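For the sequence shown, the positions run 1 to 146 when my numbering is used.
By construction, the Cβ of each residue, glycine as well, lies at the ideal position given by its N, Cα and C atoms.
Every value quoted in this text rests on a predicted model; they were computed, and no experiment measured them.
Down below is the structure, laid out as structure tokens.
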Amino acid sequence: MSESLHYLLMTDHLMVQKSLITSVKDTGLTSGQPKVLDYLKNHDGAVQKDIAINCHIEPASLTTILNGMENKGYITRNICTQNRKYLNVHLTKLGWKYVERLEKEFAKIENLALKTFTDTEKEQLIFLLEKLYDNLSEIRKEGTTK
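Now the structure itself:
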């Protein structure tokens, strides 16, 4: 392998992100918004803290992203009835429209990225990436790379 793993992971991620942002340029979505929309499609009504954790975004950065999304009409935020110090984040009709668009664009990008892979290779890649994620999650929990 001529490149390091960290370099390949970083560049692959950036290439997917740039392809996605380019493909949805007409929507006005910014680089941090697609992953939040993608998370909310399965967790509509989530509190900001959970969104930040699961999208791997710092809370202050998430607030900025959500402010932009709320201003554009993609989401609404309401005070949580169980705990008034939290805000529940809900997708609007426009937000759901962009979720559907993102799903189509992600599928196109994934199909192009994996076009030379066999089904077995695709399954192996997903398995290995999930395993890598689990290992990295442990590092994050421990707060160190000992």
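A Cβ-Cβ separation of about 11 Å leaves Thr64 out of contact with Glu70 under the 8 Å criterion. By alpha-carbon distance to Gly73, the top candidate from Glu103, Asp12, Tyr98, Tyr86 is Tyr98. An exposed status is given to Pro59, since fewer than 16 other beta-carbon atoms sit within 10 Å of its beta-carbon. In the three-state scheme derived from DSSP, where H, G and I count as helix and E and B as strand, Asn42 is classed as coil. Under the three-state reduction of DSSP, Thr30 is assigned to coil, being neither helix nor strand. Straight-line measurement puts the Cα of Phe117 at about 24 Å from the Cα of Ile21. Leu114 and Leu40 have their C-alpha atoms spaced approximately 26 Å apart. If you keep only unbroken alpha helix (DSSP H) runs of at least 4 residues inside the segment 59-144, you get 59-71, 93-113, 119-142. Between Ala52 and Leu62, the alpha-carbon positions lie close to 6 Å from each other.
Counting C-beta pairs closer than 8 Å gives three or more between the segment 81-91 and the segment 30-44, which meets the contact rule.
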